[in-house]
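Protein chains: 2
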Amino acid sequence: MPARLPAEPRVAIVGATGAVGIELIRCLEQRRFPAASVRLLASARSAGKSLSVMGAPVVIEELTEASFQGIDLALFSAGSGISKRFAPAAVRAGAVVVDNSSAFRMLPDVPLVVPEVNAPAMASHQGILANPNCVAAIATVALAPLHRAAPIRRLNMATYQAASGAGAAAMEELRLATAAALAGQDYAPQVLPHPYAFNLFSHNAEMDPLTGYNGEETKVVAETRRILGLPDLPVGITCIRVPVLRAHAMAMQVTFDAPVDVDAARALLATAPGVRLVDDRVRNHFPMPNEASGQDDVLVGRLRVDLGDPSGCTLAMFVVGDQLLKGAALNAVQIAEGLLPAGAA
Amino acid sequence: MPARLPAEPRVAIVGATGAVGIELIRCLEQRRFPAASVRLLASARSAGKSLSVMGAPVVIEELTEASFQGIDLALFSAGSGISKRFAPAAVRAGAVVVDNSSAFRMLPDVPLVVPEVNAPAMASHQGILANPNCVAAIATVALAPLHRAAPIRRLNMATYQAASGAGAAAMEELRLATAAALAGQDYAPQVLPHPYAFNLFSHNAEMDPLTGYNGEETKVVAETRRILGLPDLPVGITCIRVPVLRAHAMAMQVTFDAPVDVDAARALLATAPGVRLVDDRVRNHFPMPNEASGQDDVLVGRLRVDLGDPSGCTLAMFVVGDQLLKGAALNAVQIAEGLLPAGAA
Numbered sequence: 126m127p128a129r130l131p132a133e134p135r136v137a138i139v140g141a142t143g144a145v146g147i148e149l150i151r152c153l154e155q156r157r158f159p160a161a162s163v164r165l166l167a168s169a170r171s172a173g174k175s176l177s178v179m180g181a182p183v184v185i186e187e188l189t190e191a192s193f194q195g196i197d198l199a200l201f202s203a204g205s206g207i208s209k210r211f212a213p214a215a216v217r218a219g220a221v222v223v224d225n226s227s228a229f230r231m232l233p234d235v236p237l238v239v240p241e242v243n244a245p246a247m248a249s250h251q252g253i254l255a256n257p258n259c260v261a262a263i264a265t266v267a268l269a270p271l272h273r274a275a276p277i278r279r280l281n282m283a284t285y286q287a288a289s290g291a292g293a294a295a296m297e298e299l300r301l302a303t304a305a306a307l308a309g310q311d312y313a314p315q316v317l318p319h320p321y322a323f324n325l326f327s328h329n330a331e332m333d334p335l336t337g338y339n340g341e342e343t344k345v346v347a348e349t350r351r352i353l354g355l356p357d358l359p360v361g362i363t364c365i366r367v368p369v370l371r372a373h374a375m376a377m378q379v380t381f382d383a384p385v386d387v388d389a390a391r392a393l394l395a396t397a398p399g400v401r402l403v404d405d406r407v408r409n410h411f412p413m414p415n416e417a418s419g420q421d422d423v424l425v426g427r428l429r430v431d432l433g434d435p436s437g438c439t440l441a442m443f444v445v446g447d448q449l450l451k452g453a454a455l456n457a458v459q460i461a462e463g464l465l466p467a468g469a470a
Numbered sequence: 126m127p128a129r130l131p132a133e134p135r136v137a138i139v140g141a142t143g144a145v146g147i148e149l150i151r152c153l154e155q156r157r158f159p160a161a162s163v164r165l166l167a168s169a170r171s172a173g174k175s176l177s178v179m180g181a182p183v184v185i186e187e188l189t190e191a192s193f194q195g196i197d198l199a200l201f202s203a204g205s206g207i208s209k210r211f212a213p214a215a216v217r218a219g220a221v222v223v224d225n226s227s228a229f230r231m232l233p234d235v236p237l238v239v240p241e242v243n244a245p246a247m248a249s250h251q252g253i254l255a256n257p258n259c260v261a262a263i264a265t266v267a268l269a270p271l272h273r274a275a276p277i278r279r280l281n282m283a284t285y286q287a288a289s290g291a292g293a294a295a296m297e298e299l300r301l302a303t304a305a306a307l308a309g310q311d312y313a314p315q316v317l318p319h320p321y322a323f324n325l326f327s328h329n330a331e332m333d334p335l336t337g338y339n340g341e342e343t344k345v346v347a348e349t350r351r352i353l354g355l356p357d358l359p360v361g362i363t364c365i366r367v368p369v370l371r372a373h374a375m376a377m378q379v380t381f382d383a384p385v386d387v388d389a390a391r392a393l394l395a396t397a398p399g400v401r402l403v404d405d406r407v408r409n410h411f412p413m414p415n416e417a418s419g420q421d422d423v424l425v426g427r428l429r430v431d432l433g434d435p436s437g438c439t440l441a442m443f444v445v446g447d448q449l450l451k452g453a454a455l456n457a458v459q460i461a462e463g464l465l466p467a468g469a470a
C-alpha cells in the first residue's frame, strides 16, 4: 500500500454530478492539483453526459468495480452505501481513497483528517482516508488553535445548517419552496421532511429514540472528539437545518481549565491556518453565510466570555464555513494534496 | 391609581399600524376582550387612515399627550422613545399602560409579566406594566414549569430569531431580498444591516464593544432573570437573526442541581399553561416556526439529557413561539385580561 501519491496522480471522482462532486472538480482546478487525468464516475443515470474539467469536456462513466484500473486517487462523494461497496475495489486496484461519506470515519485504521488540525494522522492510512462530517470539519478548524494553547474541557454547539448538507436537490427544494411561498402557492416537500420556505427544523437525520439525538449530532460529537484527539470530551449539541443555501453556522461555547483571555484567543485565531477572523463589534460585523459561501476560510467571530459559566472559563464564539468547500470538497482535496510527494502540489 | 380595569375598559392602541399593533387588534378580537371602545393611535403619517376593529372601521388618530382622555387601558407598541414620552401622560389621564417596549422593563415599580409565569407580580403595578422582550417571554413560558419543580441553576440559549422582531418593514425586506435573490438580482438592505436572503447574522441590536454582547442579548438575560425571580442566574446567550418571518426559535440547555429525568420534564411541560409539547422522536417532529406562526402556544420539544454536562444535570430542549403573539401582542392582551375584574374576561 503506497502511503503517498505519485507526483501527477490519475484521479477519479465518484459522485461527480452531486453538489460536492461539482465542487471537487472546481477545487482541483482552482488549486491546480497536479492531476495527470481526471475520470468522472457516477450512476448509470448520468453516464454519457459530460462535465468540463480543467477546460476540457470529460464524459461521465458509470461507476463499476472495474472503474479504478489505472487510478491513483479516488475521491468518493456518493453516499455511504456507494463508498462501502466500491472503495474496497478502488483500494484493491491500487488507488488511495479519500472518502467524503460517513462509511469509514470511525474505523481505527482509517485516518479522519482536517489537514489544519491533524495532518500527521494521514501517514498511517491503509488506503482509505476519511473526510469528516461538514460541521465537524468546520468546527475543528476553529477549535484546534484554541485547544493547542489550552486543553478544551467541554464544548457546546447549536448549529444553523444549510440546505447543501442534504445535497443539490435540497438546495433546489429551498429555492422552489421559497419561490412558491412568495407567490402564495403551496409546495409539498420532496427532499426534506418538512416545509423549508422561511422555516427551520431539527436536522433530518434519523434519531435514536432512546437518547433523543439524531445521526448528525452523533456524528459531529464522535468526529469532533476524534479529530481533536479528545475521546472523552463532553459535547452538547443541537443540529438545526435553516433556510440558507450552502454555509453552515454554529454558536459555540468552549470551556477551558482557566479563565478565558478573549484577546489572547483572538490573537491565536487571527493567525490560525484556515481561519479568517471576522469580529468587528463596533460595526456589528461577524461571520455570516453569505460571506462564507464560496470561501475556503472558516469565518470566526463574536469572541467573548460566556456569561453562562460563572467561572469565566468558557469562551463563546460564532463560526461559519462553506459546507461544500471546507465542509466537504476543499478538505478532501487538501487531504489529497497532503499525500503528494513533498513539493509536488 | 386603580390596580384593576373596569369590566369594559376603553382601550387605546399606540402604534396601531405596526406589526405588533395589527396583532394587538386581532388578539383583542379573537379573545373577545370586553373593550367598551378601541381607539387607534399612531404617527401623523398614519392618521386619517382606518383599520377594521371588531368588524367596524376605526380611523387612526395622531398620538398626542391629550390622546388618553377617557382611556382605561393603553397598549403601547411604538418603540421605547414613544413609550417614554407618552406613557406617563396616559397614566396621568387615568389609564393603565401595558407597554411592549423596553422602556420600563427593568424599573422596580413596573412589573415585568408573563402571565403563565409570574401573574402575581401584576398586583403591585403603579400604572405601567411591562411586556417582556419576545425571546424572554417565549423562553420563560417553557422554563417556568421546570423551575417550579426544581430550581434552575444555569441557562444557555442560542436563538434563531425571525424578521418580525425588527418590525413589519423587516418582514417585507426579507420577502423582497429573497425574491431578488431568486431572480438573480441585487438587493440593497434598507431595514436590517446585512443581506437577509438565505442568510443569517448576529442580532442587529447595538453591541457593547467592551463585553461583546448586543442589546438583545443583554435584555434577554436581564428579563429572563427578572421574570423567573432568579436575579443571579448565569445565562449564556447568542442571538442570531435567521431568514424566518415571524416565529423565534431557541436551542436551550437548562442546568439543575440533580440529574435530569427527561420523562418527568416532558410530563411537566405537557400540562404547563401556554405550552404545547411537540416531541416526536420517531417521526422527527419537533417545534418549527411554520407550525408556531399564528399560534398562541409556545412549542417545546427535543427534550433530552445534554451530553455537554457529564453530571447529567442539564436538560436540552428546543423552543419555538410566535414572536408577534406570545412574544408581543398576545402576552400584552393576557396581561390586560389579568387586570379585569374577576369573571369579566
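Which chain is which? The protein sequence lines are A and B, in order. Per the working numbering, residue 126 is the first one in the first sequence, and the count goes up by one each step. Per the working numbering, residue 126 is the first one in the second sequence, and the count goes up by one each step. Even for Gly, the Cβ is constructed at its ideal location relative to N, Cα and C. Predicted model only: the values in this text are computed from it and were never measured.
- As the crow flies, the alpha-carbon of Arg151 (chain A) is around 40 Å from that of Val385 (chain A).
- For Ile365 (chain B), the chain A residues whose C-beta falls within less than 8 Å of its own C-beta are Tyr285, Ala374, Ala376 and Phe443, listed in chain order.
- The beta-carbon of Pro356 (chain A) is placed no less than 8 Å from the nearest beta-carbon of chain B.
- In terms of Cβ geometry, Ala390 (chain B) and Leu428 (chain B) form a close pair [threshold 8 Å].
- Shown here for Ala248 (chain A): same chain residues with a beta carbon closer than 7 Å to its own, the five before and five after excluded, namely Ala128 in chain order.
- Chain A places a beta carbon closer than 8 Å to that of Phe323 (chain B), counting this residue as a contact.
- Straight-line spacing of the CA atoms in Phe381 (chain B) and Val242 (chain B) works out to 18 Å.
- The closest CA to that of Gln315 (chain B), considering only B:Val239, B:Lys344 and B:Gly292, is found on B:Gly292.
- Residues of the region 386-409 of chain A with a Cβ closer than 9 Å to any Cβ of chain B, in chain order: Val387, Asp404, Arg406, Val407, Arg408 and Asn409.
- Taking Arg351 (chain A) as the centre and dropping the five residues before and after it, the same chain places the C-beta of Arg230, Met231 and Leu237 closer than 8 Å to its C-beta, in chain order.
- Below the 7 Å Cβ cutoff, chain A contributes Pro320 and Asn324 as neighbours of Asn415 (chain B), in chain order.
- Rounded to whole angstroms, the separation of the alpha carbons of Val425 (chain B) and Pro356 (chain B) is 24 Å.
- Among the residues of the region 296-308 of chain A, those with a Cβ less than 7 Å away from any Cβ of chain B are Arg300, Thr303, Ala304 and Leu307, in the order of the chain.
- The DSSP-derived three-state label of Val221 (chain B) is strand.
- Relative to Val346 (chain A), the option among A:Thr189, A:Phe323, A:Ala264 and A:Gly180 whose CA is nearest is A:Ala264.
- For Thr265 (chain B), the nearest beta carbon of chain A is not closer than 8 Å to its own beta carbon.
- Going by beta carbons, Arg273 (chain B) and Gly433 (chain A) fall outside the 8 Å limit.
- Burial state of Glu190 (chain B) is exposed, judged by a 10 Å Cβ sphere holding fewer than 16 other Cβ atoms.
- Chain order gives the chain B residues near Val346 (chain A) as Leu432, where near means a beta carbon separation below 7 Å.
- By the CB criterion at 8 Å, Val444 (chain A) and Ala372 (chain A) fall outside the cutoff.
- Per DSSP, the continuous beta strand (DSSP E) segment holding Thr363 (chain A) begins and ends at Val360 to Thr363.
- The beta carbon of Ala214 (chain B) lies closer than 7 Å to those of Glu190 and Phe193 in the same chain, with the five residues before and after it left out.
- Counting C-beta atoms within 10 angstroms of its own C-beta, Glu342 (chain B) has 16 or more neighbours from the protein chains shown and is therefore classed as buried.
- Under the rule that a run must span 3 or more residues, the beta strand (DSSP E) segments found entirely inside the region 266-301 of chain A read 279-285.
- Residues of chain A whose Cβ lies closer than 8 Å to the Cβ of Leu280 (chain B) are, in chain order, Gly433.
- Residues of the region 231-245 of chain A whose Cβ lies closer than 7 Å to any Cβ of chain B: none.
- Taking one beta carbon from each stretch, the region 178-189 of chain A and the region 158-166 of chain A have 3 or more pairs nearer than 8 Å; the two touch.
- Residue-level contact by beta carbon holds for Arg427 (chain B) and chain A, with a gap shorter than 8 Å.
- Between the region 320-337 of chain A and the region 353-369 of chain B, the count of Cβ pairs shorter than 8 Å is three or higher; the stretches touch.
- By the rule that beta-carbons nearer than 8 Å mark a contact, Leu449 (chain B) does not touch chain A.
- Shown here, Met332 (chain A) sits in a strand according to DSSP, grouped into three states.
- Judged by beta-carbon spacing, Gly204 (chain A) lies within the 8 Å limit of Ser226 (chain A), meaning their Cβ atoms are closer than that value.
- Excluding residues up to 5 positions away in sequence, Phe201, Asp224, Ser226 and Ala228 lie with their Cβ nearer than 6 Å to the Cβ of Ser208 (chain A) in the same chain.
- Assignment of Pro435 (chain B) by DSSP, reduced to helix, strand and coil, places it in the coil class.
- By the neighbour-count criterion, in which a residue is buried when 16 or more other Cβ atoms sit within 10 angstroms of its Cβ, Arg408 (chain B) is exposed.
- Under the 8 Å Cβ criterion, the region 392-402 of chain A does not count as touching the region 282-296 of chain A, having fewer than three qualifying pairs.
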